[in-house]
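Working notes, beginning with the structure itself.
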Amino acid sequence: MRAHGFEQLRSVIVDKLQAGQELSDVDITACLKAATSSEEVGSRGFVLDGWPRTEAQAILLEEAGIVPSTVVEISTSDATCRARGPIDVEPQLDSYHRSNSKSTPSSFYRRLRGNVVTVDGEQSRWAVYAAAERSVMATQQAESHYRQRISAGQPAKLSTLGGVISLDSFRRGLSAEFGGYCPVSFKGWMKMVVKEVGTSKTPRRRQHAAVHDAEYDVVEPHLCLFGGVTSFAAVGSNEKVLENAVEYDGKYYKLAGDDEVKLFLDKPDFFLHRSRIEDVPHHIPLLQVSSFAFAYRTSTCM
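Just so you know, the sequence shown maps onto residues 283 to 584 in our numbering.
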C-alpha cells in the first residue's frame, strides 16, 4: 500500500486494527482500491472471494471503479453447505434465507451489468472450480478480442462484456442516427421487412393484413430495426441486453440476430453508409406509428 501512494490510508487502517476496531465497508473498499491500482493487478487481474456480501458493498465497489468482469454465483443446497461448511454455518444459512434476494450482490450485478454466471455447486469442488475458470477465461478472451478490434478501428461485439460497459450506459448510448421511431427496415437484402415484437406471450395481432401478407409486419414503436440495427434498447431481461450488441466508432448498436452481427463486424458500411431513398427519417409521433402507410410515405428508412 505504501508503494502506491496510499500511505495515509495505510496509517489509518493500521491504527484502527491496533486499537481493535472493526474496519468499515468504506475502509475495506479503500484498501481494495489501493490493491487493484497496482501494475501487477492491472496486468494479471484479481479475484474477490466472498466480497462483496451485500448490495451496499457492491455499490461501494462500483463507485470506486472496481468492476468485476465476471461474477460467479455458486448455486448450492443447504445440505451441501452444511456438509462442506464449518460447524457454525447454520446462522449464515438463516441470515441468507431471511435476506431480500433482490438486494444480493448477484442481483445487483445482474441489473447493472448482466455479467453474472451461475455454476452448479452440487458438483465436486474441482468441477465447480473448473466451470468458474472456464467462464472467467471466456470473458477475458472476449474482452481482449474486443479491445484489439476497437484499437484497430473495427466494430466489436459487446456480448458478455458487462465489465466493459454497464447496461444503463449501453441503453443511453445506443446510436439514433437513423431517427427515433422508424417502423420500416431494409432487412433481408433490400426487401422491406419489419420484425414483429410482442410484449407478452401472445404476439400482437397483425394490422392491415392485406398489406402485411406481402412483405410487412407490425413493430412495437419502442423497438426499431434498421437493416438489423435498432436505435432503442431491446425488450428482454438484463442478461440479454448486450446480446447481439456491437460497438463501432464510439457508438453502440443492437442488431437483430447472429447473421446481422457477423455482417456488421465484417462490413459495417452495409448498414451505415448506404444510399437512401430519402434523407434520414425524422421522429414519428407514437400516435402515427400504427399507421404503416403514413410511416412508409413520410419516413422510408435508407
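Here a beta-carbon is modelled for each residue, glycine too, at the ideal position from N, C-alpha and C.
- Around the beta carbon of Ser385, fewer than 16 other beta carbons sit within 10 angstroms, so the residue counts as exposed.
- The Cβ atoms of Tyr378 and Ala340 do not sit closer than 8 angstroms to each other.
- Per DSSP, Ala527 is one residue of the beta strand (DSSP E) stretching across Ala527 to Tyr530.
- Between Ala317 and Val323, the gap from beta carbon to beta carbon is short of 8 angstroms.
- Residues of the same chain with a CB within less than 8 angstroms of the CB of Gly445, apart from the 5 flanking positions on each side, are Val349, Pro350, Ser351, Thr352, Arg395, Asn397, Thr421 and Glu425 in chain order.
- Per DSSP, reduced to three states, the secondary structure at Ile341 is helical.
- With a cutoff of 8 angstroms on beta-carbon distance, Ala434 and Glu529 are scored as not near each other.
- Relative to the Cα of Pro334, the nearest Cα in the group Pro387, Gly302 and Gln300 belongs to Pro387.
- Within the stretch 302 to 360, the complete beta strand (DSSP E) runs of at least 3 residues fall at 353 to 357.
- Non-local C-beta neighbours of Ser448 in its own chain, meaning closer than 7 angstroms and more than five positions away in sequence, comprise Leu394 and Arg395, ordered along the chain.
- If you check the CB distance, Tyr534 and Phe546 do not come in under 8 angstroms.
- For Ala438, the beta-bridge partners assigned by DSSP are Glu529.
- Of the residues assessed, Ile295 falls on the buried side of the cut-off, its CB having 16 or more other CB atoms within 10 angstroms.
- In the structure shown, Thr400 adopts extended strand secondary structure according to DSSP, grouped into three states.
- In the DSSP assignment, the residues bridged to Tyr534 are Leu456 and Glu529.
- Secondary structure note for Thr421: its alpha helix (DSSP H) is the uninterrupted segment Arg407 to Ser433.
- Here Glu289 is exposed, its C-beta having fewer than 16 other C-beta atoms within 10 Å.
- Counting along the chain, the unbroken alpha helix (DSSP H) around Ile295 starts and ends at Glu289 to Gln300.
- A distance below 7 angstroms between beta-carbons, with the five flanking residues on each side excluded, links Gln374 to no residue of its chain.
- For the pair Asn526 and Asp540, the CB atoms are nearer than the 8 angstroms cut-off.
- Rounded to whole angstroms, the separation of the alpha carbons of Lys544 and Gln436 is 13 angstroms.
- In terms of CA proximity to Val329, Val354 leads the group Arg364, Val354, Ala312 and Glu542.
- Residue environment: Val308 is assigned as exposed (fewer than 16 neighbouring CB atoms within 10 Å of its CB, all protein chains considered).
- Between Ala346 and Thr311, the C-beta spacing is below 8 angstroms.
- DSSP, reduced to helix, strand and coil, places Thr386 outside both helices and strands of the structure shown, so it counts as coil.
- When DSSP states are grouped into helix, strand and coil, Lys522 belongs to the helix group.
- For Pro373, the enclosing alpha helix (DSSP H) stretches over residues Val371 to Arg380.
- At the C-beta level, Thr336 and Gly403 stay beyond 8 angstroms of one another.
- Counting of Cβ neighbours within 10 angstroms places Ala365 among the exposed residues, the total staying below 16.
- For the set Ile432, Cys363 and Met419, the Cα lying nearest the Cα of Ser406 is the one of Cys363.
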